Each structure stands twice: as C-alpha cells, then as structure tokens.
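Here is the structure we will look at.
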Amino acid sequence: MSAARYESAAQTMDELNRQRAALRRGAELAAATAVAGVQSLMRPDDVRPGPGRLAYRLGYAGLTAAGSWLTRNLGKEDDAAPNVRLDAGLAAGAGILGYALFSPRVKANWWTDRWLERAGVRSPRLVGALGTTALMAAAYIAAERAARRGDLEFSMDPGQGVWQAFAPLGGSIFQPGEDEDDVEEIELTDRQRAVLDALVPGNSANARALRAQLGAARFSALGGHEFLLAEVDEDAVAERLVPHEHTHPVRGRFRDAGGAVLEISIGIMDGRLEHIAILPVLDEDGDGEEADVSGLSAADWPDPEDLEIVKDER
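Using the numbering used here, the first residue of the sequence shown is number 46, and each one after it goes up by one.
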C-alpha cells in the first residue's frame, strides 16, 4: 500500500472526527436552545414572594450557566484540547450574571406578552417562548456556520473520501487484490513498545490512560507494520482520553534506510487507542510525497534514541 493512500486515510480520519464533533456540538446547541426556550417561559409571579421566589431566581441563574456550558464549543476547532476550568468559570460567571439580570430579563418577557396580546395572539407566553427558541436556534446555526466556514466538505459519494477508507460507513480500507483475511494479529516487539513509550511522556490523566491502553491493546497489521489497528478491551481499561477523537499531540520522526523522513503517530477514536501509523513527512515543497512506507516490518522501526520528538502546541 502506498504512502499516498495512508496520507489520504489520515486526512479522511480527520474528516470523520470533524463530523463526529459536529454532531456532538449540534446536540449541545439543541439543548442550549431548549434552555433558552424554558427561560423565556419564566415569570416572577409564577411563585409567591419569599423563599420560593429566591429559589426560582436561582433556578433561572442555573439555566443561564447551563446554557453557557452547552455553548462552550461554539466556534472552537474540532481537535482543540478542552479547558474545563475556563469553561466552568465562564459558565459560573454567566450564572451570576443571569441572577443579577433576572428582573430586567423577565420584564422583557412581560413586555413581549403584552405586545403579542395587543397583536391578537391567544397564548402570548407560549408563542413568545417558541419565537425565542427559533431566534436562538438561528443565531447558533449562523454562528456555527461562520466559525466553520472554509472547512473541508464531507463526501458520502461511494468510492470517495470516507467510503473509500472506512468500512463502517459502507466503503472499504482494502484495495483491489487485498482481503480482510490478510489482516494479521501481531505482537509488538520490545523496540516497538519502547518507541511508543517515548511518545507518551509525563503523568497527565491522558498519558496514564494511553499507557494503560497501549499495554492492554491487541494489534493487527495489514501486510506491514506501517499501519497498526488497535483494539482495547473496555473491561481492561476504563479510562478514556480527551478529546475523544484526536491525534496524540506527541509524534516521533526518524529517517528510513533511504533517507526519507517518516513520522509515527497515534490515533484516538472514542477516547480509545485506535491505530498507530507511520507516514512520510512532507515539507513545504512536497518532498517526501513519493516515499513508500508499504511493507515495513517491525525491524524497520527506529531505535527509541533515534527518534526526534515533535509536540503539538496546545
């Protein structure tokens, strides 16, 4: 299998991750829209003055915080590392602001009710809530489209893109002349494991989870050791990595026998180790494009001391 195919597969995996992230964001934004609709239904006279009114106001503030949390990924890159503390702080701040602005906000609801009543609407409160929900949905969609403008289009045409590279969506990772029977379960050598250990430094939660998954995974190869599929038993390792779909930010570069620069990367899917890939490194001039990584053996992997560690800045 050619280097170009593996490069295409890596790009397609990024595209698949992009689509999964988009679905997750869509669900969060739908929930945020529902929260806005519920808030537009709230009126202080729903409860009597006293402790009940205070609890009602606190509930409104809690919904405001929830709406902020649900929109935390709006406009972010799909593979952006989560900043839980910052997002939680912003949500808490939104909740405090919602508590402080409760009175003017619900007065606006009353004003909307009166305006709709004069317009002849029989259920102004319900219609106002539906209108608010629709406006918020439109605003979220517009903001999301603006943030994602220029992203790669997702092709579902048979024989192209993800259909060509991934069997779960109806395509196949196998080229003509190849067969699923060619997939062979393998055991990593000590040198391969040492290389992978070098790519997982530190003692963060992600690093600990990835080391545990590497130790428990079963690996399979299709013809060579340049692309290894991994299967991790959930009962053996419960911890997952975040973001759930990304390429591990630490990679290892080395030169093959012909002098081409290759790179070892670790792919994560659904929070679990999904594959290990060796791909040629292309410079700005496109050098390395013709490098063929097909048929690599375990012996072709570098010694750990020959690795150049490359880290993504996050």
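Quick reminder that beta carbons are idealized off the backbone N, C-alpha and C, glycines included. As the structure is a computational prediction, the values presented were derived from the model and not from experiment.
For Ser310, the enclosing beta strand (DSSP E) stretches over residues Val306 to Met314. For Leu274, the enclosing beta strand (DSSP E) has its first and last residue at Phe272 to Glu276. Boundaries around Pro96 are those of the alpha helix (DSSP H), Pro96 to Leu115, since no beta strand (DSSP E) includes it. The region 95 to 104 makes no contact with the region 314 to 322; the number of CB pairs closer than 8 angstroms stays below 3.
Excluding the 5 residues flanking it on each side, Ala266 has same chain C-beta neighbours closer than 6 angstroms at Glu229, Ile231 and Leu273, in chain order.
Cβ-Cβ distances below 7 angstroms link Ala81 to Gly112, Thr177, Thr178 and Met181 in the same chain, with the five nearest sequence neighbours on each side left out; the list follows chain order.
In the same chain as Leu244, and ignoring 5 residues on each side of it, the C-beta atoms closer than 6 angstroms to its own belong to Val295 and Gly297, in chain order. The beta carbon of Ala76 is closer than 6 angstroms to those of Leu115 in its chain, skipping five residues each way along the sequence. The shortest C-alpha to C-alpha distance from His320 to any of Lys356, Ser342 and Val277 is the one to Val277.
Taken in chain order, the complete alpha helix (DSSP H) segments of 4 residues or longer contained in the region 118 to 183 are 129 to 145 and 147 to 163. Between Arg170 and the set Leu286, Ser342 and Asp91, the nearest pair of CA atoms involves Asp91. Looking from the CA of Gln237, the closest CA among Ile309, Val166 and Phe147 belongs to Ile309. Straight-line spacing of the CA atoms in Pro246 and Gly304 works out to 27 angstroms. Ala239 and Asn251 have their C-alpha atoms some 18 angstroms from each other. Between Gln258 and Val282, the gap from beta carbon to beta carbon is short of 8 angstroms. Counted as a single uninterrupted DSSP element, the alpha helix (DSSP H) harbouring Gly260 occupies residues Ala250 to Ala261. Rounded to whole angstroms, the gap between the alpha carbons of Glu353 and Leu241 is 13 angstroms. By the 16-neighbour rule on beta-carbons within 10 angstroms, Ile186 is exposed. Trp346 sits buried, since 16 or more C-beta atoms from the chains shown fall within 10 Å of its C-beta. Bounds of the beta strand (DSSP E) holding Arg296 are Val295 to Arg300.
In this structure, Arg190 lies away from Tyr144, with their beta-carbon atoms at least 8 angstroms apart.
With a cutoff of 8 angstroms on beta-carbon distance, Asp351 and Phe299 are scored as near each other.
Bridge pairing for His291: Ile313 [DSSP].
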